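A.B. asks: Basically the numbering used here = 1-based index in the sequence shown + 42. Note that CB positions come from ideal geometry on N, CA and C, so glycine has one too. Please read these numbers as outputs of a predicted model, since none were measured by experiment.
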Amino acid sequence: MSKPRVVLSSAFFAALALMLVPLAGSRLDAQNRKNYSIQSDESGHAALGLAIRKLGVAGTYLQAPAHPDDETNALFALYGYGQGMRVIDVQNNRGEGGQNEIGPELFRDIGVLRTSELLAAHKLDGAEQYFTRAIDYGYSFSPEEVIQKWGREGIVGDYVRFLRMFRPDVILTMNIQGGGGDRAHEATTILAREGYLAAGDPTKYPEQIREGLRPWQPYKLYFAGAGGGRGANPTPAPAHVCRVDSNIYDPLISRTYAEISADARSNHKCQGMGGVPALPGFAPAGRGGGRGAAPAPPAGAAAQGAAGRGGQPAGAGGPGGPGGGFPGGGAYTLMATTPSMAAQKDKDETSFFDGIDVTIQGLAKYAGANPPAALTSALANIADQASQAKQAFDYGNDARTAAPIEAGLAAIRKLRADLGTMALTEVARYEIDFRLKVKEGDYENAVLLAHGVTVAAAADDGLVVAGQPVRLQIAAINRGATDISVTDVKIFGVTGATPCAPGSAKKDAVFTCTSNGTIPANAKLTEPYFQDNYWKNPKNLAAYPMNPDVPFGVPFAPTPFHVALTIRAGSVDVTRDVPVEYRYVKDIYFGDKKMELNVVPAFSVSVTPSLAIVPVNSVRPVVREVFVSVTNGAKGAADASVSLSLPAGWTAQPAATSLAFEKEDESMSARFLVTAPRAAKTGDYAVAAVVTSKSTGDVKFSSGYQEIDYPHVQRRQVIKPAEVSMKVMNVTIAPGLKVGYINGVGDQVPPAIEQLGAKLTFIETNELAWGDLSKYDLIMTGVRAYERRNDLRAYNRRLLDYVSRGGTVIVQYNKNEFNQAQYGPYPAQIGGSGVSGRVNDENVPVKLLQPSHQVFNFPNEIGLTQWQDWTQERGQYFLGKKDPKYTDLVSMTDSFPDNPGGQLGGLVEAKFGKGRWYYLGLGLWRQLPAGTPGAYQLLANLLSLPRPWR
43 MSKPRVVLSS AFFAALALML VPLAGSRLDA QNRKNYSIQS DESGHAALGL
93 AIRKLGVAGT YLQAPAHPDD ETNALFALYG YGQGMRVIDV QNNRGEGGQN
143 EIGPELFRDI GVLRTSELLA AHKLDGAEQY FTRAIDYGYS FSPEEVIQKW
193 GREGIVGDYV RFLRMFRPDV ILTMNIQGGG GDRAHEATTI LAREGYLAAG
243 DPTKYPEQIR EGLRPWQPYK LYFAGAGGGR GANPTPAPAH VCRVDSNIYD
293 PLISRTYAEI SADARSNHKC QGMGGVPALP GFAPAGRGGG RGAAPAPPAG
343 AAAQGAAGRG GQPAGAGGPG GPGGGFPGGG AYTLMATTPS MAAQKDKDET
393 SFFDGIDVTI QGLAKYAGAN PPAALTSALA NIADQASQAK QAFDYGNDAR
443 TAAPIEAGLA AIRKLRADLG TMALTEVARY EIDFRLKVKE GDYENAVLLA
493 HGVTVAAAAD DGLVVAGQPV RLQIAAINRG ATDISVTDVK IFGVTGATPC
543 APGSAKKDAV FTCTSNGTIP ANAKLTEPYF QDNYWKNPKN LAAYPMNPDV
593 PFGVPFAPTP FHVALTIRAG SVDVTRDVPV EYRYVKDIYF GDKKMELNVV
643 PAFSVSVTPS LAIVPVNSVR PVVREVFVSV TNGAKGAADA SVSLSLPAGW
693 TAQPAATSLA FEKEDESMSA RFLVTAPRAA KTGDYAVAAV VTSKSTGDVK
743 FSSGYQEIDY PHVQRRQVIK PAEVSMKVMN VTIAPGLKVG YINGVGDQVP
793 PAIEQLGAKL TFIETNELAW GDLSKYDLIM TGVRAYERRN DLRAYNRRLL
843 DYVSRGGTVI VQYNKNEFNQ AQYGPYPAQI GGSGVSGRVN DENVPVKLLQ
893 PSHQVFNFPN EIGLTQWQDW TQERGQYFLG KKDPKYTDLV SMTDSFPDNP
943 GGQLGGLVEA KFGKGRWYYL GLGLWRQLPA GTPGAYQLLA NLLSLPRPWR
């Protein structure tokens, strides 16, 4: 199934040799691959230089932030690119509870998007990405609540596992002193510290030891910030701090690490972070600059090339992230150490690695005070080869780096084989070999870079179905100074793939192979391995069940479709494992993109709407339209029959519809009229679409895929059941309403308006500028419309004129962009009347300040019942400081001590001329897709405001 258009030509291999953006060395590396802010991480002078920096260094830096965008990208670039360390980002969660400023994805699906955005950021800053099992269930003012919702034991165990898996020298987490803001940051720090303290104790989480992991406690644990704590009982500022400067110009990359950070962070676009970096020498608006001492490279490591200074603020972390938005900027507090590092607490530091020997020769420390001579000699030889490679590179002779890199790789392989013969403890042997294995991979990567070798595998289709034929094109491109040989090609995930014969590629030539095979008949549909078990039932722990078939904590499951080439380059053999990818052009704005092969159903089925409202006790039978869309994923023509699976007593017309497809990717739809029984009780009823076909035998298809694809991220897909949730509820709306809707960032409020029975029209720019708005009974603006819609800001006066002549306008929540001008009829600012302008406890009582107001009485009575079963929160971004002409209609007091006082601004009315203007901070936009009955009743009353009620 080739829905994204193929751009391969008959001259594929020739074009590939000229314009390929190469892939990384394994299927997991493909997710974490990075391009060092240049064209490629596997070709070119700069990529080789960065790889050589790693050869003499055996240090690992691990960061443990809370949510996507809390990471400090500048530190990844500084320690990874500048100093050759392994750098790892272990996010607590995937940001599932946040808002989406670029599209409709929410809950688990926005977690998929934010995971993809992290991977896009790390292509620039160089970090590897992993996650604990925790789910971001929303904003919280209580770290205790967060820990209880996540499950303390499980999340601490995840941090312990990661520390034992990666054995980092240093870990940085967030500030344990909260005192405001999302306290999930503080909860993350508490649990990460507990993980740090437990990871070295073999009696803690012994099942991990039985699995083969070994105890390990990093030398140091740092907290972000160094200004002391906040809150009621703050800790004092520490006597000594670590100040890290990321404003270091790297001539190999032609950027400062802080500038790389700014570019990396701009990939968090669904969080509104596609900002404009400040010019060098100027601090960004609202942010202070910073300056610290430049950290020196570790002894024996490649120099980081600190030839000059940039102008970005030190730390360059995100708001609330490690190193950004905290007191001290680029300053950090050393909170815990191993005994050997205890003295560092009494020192001011300029690097997290002060006092730690992370050179390759330093691995001898694991052998004790008197390491075997054979070990120290072998390590010295490896370090010397790294030094010779750097010297050749510094002289500008990339080709001459190959010989010492090959010699270093051979020396590492020999040392690993010889460790068993040396007088070492079993623990020492494990620690040394663990790090040598990582270093072997670095040397293998450097060998291919020194020889100018890149590898790629492409398929003729991107969306494939089980049993489908597929053609693979495999290439090893040689841009180096000597010939290479491909001695073996292994193809995985494809049944009956024709083998590739060994071959060679001379300088500036390409080894090629075309292989034909079949997608296995039992191929599983491609979808994220982290499945939603919380949002469907918030009483569960906010944690994903871990899939034992997927490497622990990876962003996405590795693709089963991959190719491994063994290449003889110079004197050594190196195996490069790459995913099979598909190249396509989605549209002219996306440009050339690549994706891994995604397995989709032979018939992809979706339904509209996903949620339908059925008023209870209706005088006449309630009929709802259900549209079923079916896409043929198989090659060629196909037949299908579509029907609905109905609850007892429900009926559909017609009973079934036949569809005849002429080609692959063709979509057809069927319309059904579903009638609810008059005696239907309130509740949730599922209506599912089912597709059968003679070509697939007894297989029934009742799901489809939803793609998550934006220009800045790789395409992903989620599998959705083809199911309508029929919500039978007691709700009434005034008849004959005409509603104009000014869309914002893609919320799901418009379908709810239509389900209630109002006629909905989207107001576009021309109509907003000069159209007749008086034809609408009411106009509503979508979520964050004042951020997204330039035309709304420009023609806002037209809305106010509409109100003054007797119209009704409802403005759903906006962020601080609403404060840039007076968009309401009178002065007002976003930002709550209390501490935060939000109420997080979705169960707190709502006080009606004007109980006789129409909005609480017509056509539905709003009482205690209507505020039950809300999800995630009551609302956010309430209207705060405002003119007395505004009237608050509700008040709420959050249950958290750090969010005290009655919160106003959640539902506000202003009379203006002959009409009324409302601000709605209550989170109907979250409640309506969840089918919360009270939210539908409140929405019906809001829409009915133009109608007289008594």
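Could you tell me the alpha carbon to alpha carbon distance between Gly316 and Ser308, rounded to whole angstroms?
C.D. replies: Within the sequence shown, the letter at position 274 stands for residue 316. Within the sequence shown, the letter at position 266 stands for residue 308. Roughly 4 Å separates the two Cα atoms.
A.B. asks: Round the Cβ separation of Ser443 and Ile761 to the nearest angstrom and send it over; I've been treating them as touching at under 8 Å.
C.D. replies: As a first step, residue 443 must be located in the sequence shown, where it is residue number 401. As a first step, residue 761 must be located in the sequence shown, where it is residue number 719. With the sequence shown as reference, residue 443 is identified as Thr, and Ser is not the correct amino acid for it. With a Cβ gap of about 47 Å, Thr443 and Ile761 do not count as contacting.
A.B. asks: Do you know offhand how far Pro663's Cα is from Phe743's?
C.D. replies: Locating residue 663 in the sequence shown gives position 621, counting from the first residue. Locating residue 743 in the sequence shown gives position 701, counting from the first residue. Straight-line Cα distance between these residues: approximately 30 Å.
A.B. asks: With 16 as the cutoff for other CB atoms within 10 Å, does Arg297 come out buried or exposed?
C.D. replies: Locating residue 297 in the sequence shown gives position 255, counting from the first residue. Label assigned to Arg297: buried.
A.B. asks: Roughly how many angstroms separate the alpha carbons of Leu701 and Met710, rounded to a whole number?
C.D. replies: On the sequence shown, residue 701 is found 659 positions in, with the first residue counted as 1. On the sequence shown, residue 710 is found 668 positions in, with the first residue counted as 1. Rounded to the nearest angstrom, the two C-alpha atoms are 7 Å apart.
A.B. asks: Counting beta carbon pairs with one atom in the stretch 185-192 and one in the stretch 624-635, are three or more of them shorter than 8 Å?
C.D. replies: The stretch 624-635 vs the stretch 185-192: no contact.
A.B. asks: Any idea what DSSP makes of Thr556, helix, strand or coil?
C.D. replies: Taking the sequence shown and counting its residues from 1, one reaches residue 556 at position 514. Correct three-state label for Thr556: strand.
A.B. asks: Around the C-beta of Gln862, are 16 or more other C-beta atoms found within 10 angstroms, so that it is buried, or is it exposed?
C.D. replies: Within the sequence shown, the letter at position 820 stands for residue 862. It is exposed - the Cβ of Gln862 has fewer than 16 other Cβ atoms within 10 Å.
A.B. asks: Please report the residue range of the alpha helix (DSSP H) in which Gly481 lies.
C.D. replies: By one-based count along the sequence shown, residue 481 stands at place 439. Checking the sequence, you will find Lys at residue 481 rather than Gly. Unbroken alpha helix (DSSP H) run through Lys481: 468-492.
A.B. asks: Could you compute how far the alpha carbon of Tyr727 sits from the alpha carbon of Leu653?
C.D. replies: In the sequence shown, the residue the question calls residue 727 occupies position 685. In the sequence shown, the residue the question calls residue 653 occupies position 611. Using only the alpha carbons, I get a separation of about 10 Å.
A.B. asks: What residue from Asp111, Asn487, Leu148, Ala694 has the CA that sits closest to Trp577's CA?
C.D. replies: Locating residue 577 in the sequence shown gives position 535, counting from the first residue. Ranking Asp111, Asn487, Leu148, Ala694 by Cα distance to Trp577 puts Leu148 first.
A.B. asks: Cα-Cα, which of Ile218, Thr850, Leu451, Lys456 is closest to Met822?
C.D. replies: On the sequence shown, residue 822 is found 780 positions in, with the first residue counted as 1. Met822 has its Cα closest to that of Thr850, out of Ile218, Thr850, Leu451, Lys456.
A.B. asks: For Ser182, does the three-state DSSP call read helix, strand or coil?
C.D. replies: On the sequence shown, residue 182 is found 140 positions in, with the first residue counted as 1. Ser182 falls in the coil class under three-state DSSP.
A.B. asks: To test your reading of the DSSP string, which unbroken beta strand (DSSP E) runs of 3 or more residues are found completely within the stretch 155-179?
C.D. replies: Listed in chain order, the complete beta strand (DSSP E) runs (minimum 3 residues) inside the stretch 155-179 are 170-173.
A.B. asks: Who are the Cβ neighbours of Asn582 in its own chain at under 8 Å, not counting the five residues just before and after it?
C.D. replies: On the sequence shown, position 540 is the one that residue 582 refers to. Same-chain partners within the cutoff: Asn575, Tyr576.
A.B. asks: Can you tell which of Lys549, Asp305, Ala453 has the C-alpha that lies nearest to the C-alpha of Lys165?
C.D. replies: On the sequence shown, position 123 is the one that residue 165 refers to. Checked all of Lys549, Asp305, Ala453; the closest Cα to Lys165 is Asp305.
A.B. asks: According to DSSP, Ala712 sits in a beta bridge with which residue or residues?
C.D. replies: Position 670 of the sequence shown, counted from the start, is the residue given in the question as residue 712. Answer by DSSP bridge pairing, in chain order: Val670.
A.B. asks: Does DSSP put Ile295 in a helix, in a strand, or in coil?
C.D. replies: To locate residue 295, count along the sequence shown from 1; it is residue 253. Coil, per DSSP.
A.B. asks: Please classify Gln313: does DSSP put it in a helix, a strand, or coil?
C.D. replies: Looking up residue 313 in the sequence shown gives position 271. Helix.
A.B. asks: Below 8 Å on the Cβ atoms is my guess for Ser683 versus Thr734; work out the distance and round it to an integer in Å.
C.D. replies: For the purposes of this step, residue 683 is identified with residue 641 of the sequence shown, where counting begins at 1. For the purposes of this step, residue 734 is identified with residue 692 of the sequence shown, where counting begins at 1. The pair is a contact, with the Cβ atoms about 5 Å apart (cut-off 8 Å).
A.B. asks: If you run the structure through DSSP and keep just helix, strand and coil, what is Ile115?
C.D. replies: Numbered from its first residue, the sequence shown carries residue 115 at position 73. Just to set this straight, residue 115 is Asn in the shown sequence, not Ile. In this structure, Asn115 counts as helix in the three-state DSSP scheme.
A.B. asks: Tell me the rounded alpha-carbon separation between Gly786 and Asp833.
C.D. replies: Start at 1 with the first residue of the sequence shown, and residue 786 comes out as number 744. Start at 1 with the first residue of the sequence shown, and residue 833 comes out as number 791. Whole-angstrom Cα-Cα distance: 11 Å.
A.B. asks: Hey, out of Arg209, Met207, Glu236, whose CA is closest to Thr215's CA?
C.D. replies: In the sequence shown, residue 215 corresponds to position 173, counting from 1. Nearest of Arg209, Met207, Glu236 to Thr215, Cα basis: Glu236.
A.B. asks: Can you give me the C-alpha to C-alpha distance between Glu809 and Gln864, rounded to a whole angstrom?
C.D. replies: If you number the sequence shown from 1, residue 809 lands on position 767. If you number the sequence shown from 1, residue 864 lands on position 822. The alpha-carbon atoms of Glu809 and Gln864 are separated by roughly 22 Å.
A.B. asks: When you compare the CB positions of Glu706 and Lys677, do they come within less than 8 Å of one another, or not?
C.D. replies: One-based indexing of the sequence shown puts residue 706 at position 664. One-based indexing of the sequence shown puts residue 677 at position 635. Their beta carbons are under 8 Å apart, which means Glu706 touches Lys677 by this criterion.
A.B. asks: Helix, strand or coil: which one does DSSP assign to Pro621?
C.D. replies: For the purposes of this step, residue 621 is taken as the residue at position 579 of the sequence shown. Residue state, collapsed to three classes: strand.
A.B. asks: What are the boundary residues of the alpha helix (DSSP H) that includes Met207?
C.D. replies: In the sequence shown, the residue the question calls residue 207 occupies position 165. Start and end: 194-208.
A.B. asks: Please identify the residue among His754, Glu749, Thr774, Lys636 whose C-alpha is closest to the C-alpha of Val656.
C.D. replies: If you number the sequence shown from 1, residue 656 lands on position 614. Among His754, Glu749, Thr774, Lys636, the Cα nearest to that of Val656 is on Thr774.
A.B. asks: In chain order, what residues of the same chain lie with their CB nearer than 7 Å to the CB of Ala982, ignoring the 5 residues before and after it?
C.D. replies: The residue labelled residue 982 in the question sits at position 940 within the sequence shown. Closer than 7 Å at Cβ, skipping near neighbours: Val773, Thr774, Ile775, Leu798, Pro901, Asn902.
A.B. asks: What three-state label does DSSP hand Asn1057 in the structure shown?
C.D. replies: In this structure the chain extends from 43 to 992, so residue 1057 is not present and cannot be described.
A.B. asks: Tell me, please, which residues DSSP counts as bridged to Lys635.
C.D. replies: On the sequence shown, residue 635 is found 593 positions in, with the first residue counted as 1. According to DSSP, Lys635 bridges with Tyr626.
A.B. asks: Helix, strand or coil: which one does DSSP assign to Ser646?
C.D. replies: Here residue 646 is taken as the residue at index 604 of the sequence shown, counted from 1. Strand.
A.B. asks: Give the DSSP-derived three-state secondary structure of Ala345 in the structure shown.
C.D. replies: In the sequence shown, residue 345 corresponds to position 303, counting from 1. The pLDDT assigned to Ala345 is 34, lower than 50, so where the model puts this residue is not dependable; a value taken from the coordinates is nonetheless given after this. Coil at Ala345, not helix or strand.
A.B. asks: Please state the DSSP three-state secondary structure of Thr231.
C.D. replies: Locating residue 231 in the sequence shown gives position 189, where the first residue counts as 1. Three-state DSSP puts Thr231 in a helix.
A.B. asks: Could you check where the alpha helix (DSSP H) with His604 kicks off and where it finishes?
C.D. replies: Within the sequence shown, residue 604 is the residue found at index 562, counting from 1. It is not in any alpha helix (DSSP H) - His604 instead sits in the beta strand (DSSP E) that spans 604-611.
A.B. asks: Is it right to say Glu170 is buried, meaning 16 or more other beta carbons lie within 10 angstroms of its own, or is it exposed?
C.D. replies: Residue numbering aside, residue 170 sits at position 128 when the sequence shown is read from its first letter. Burial call: buried.
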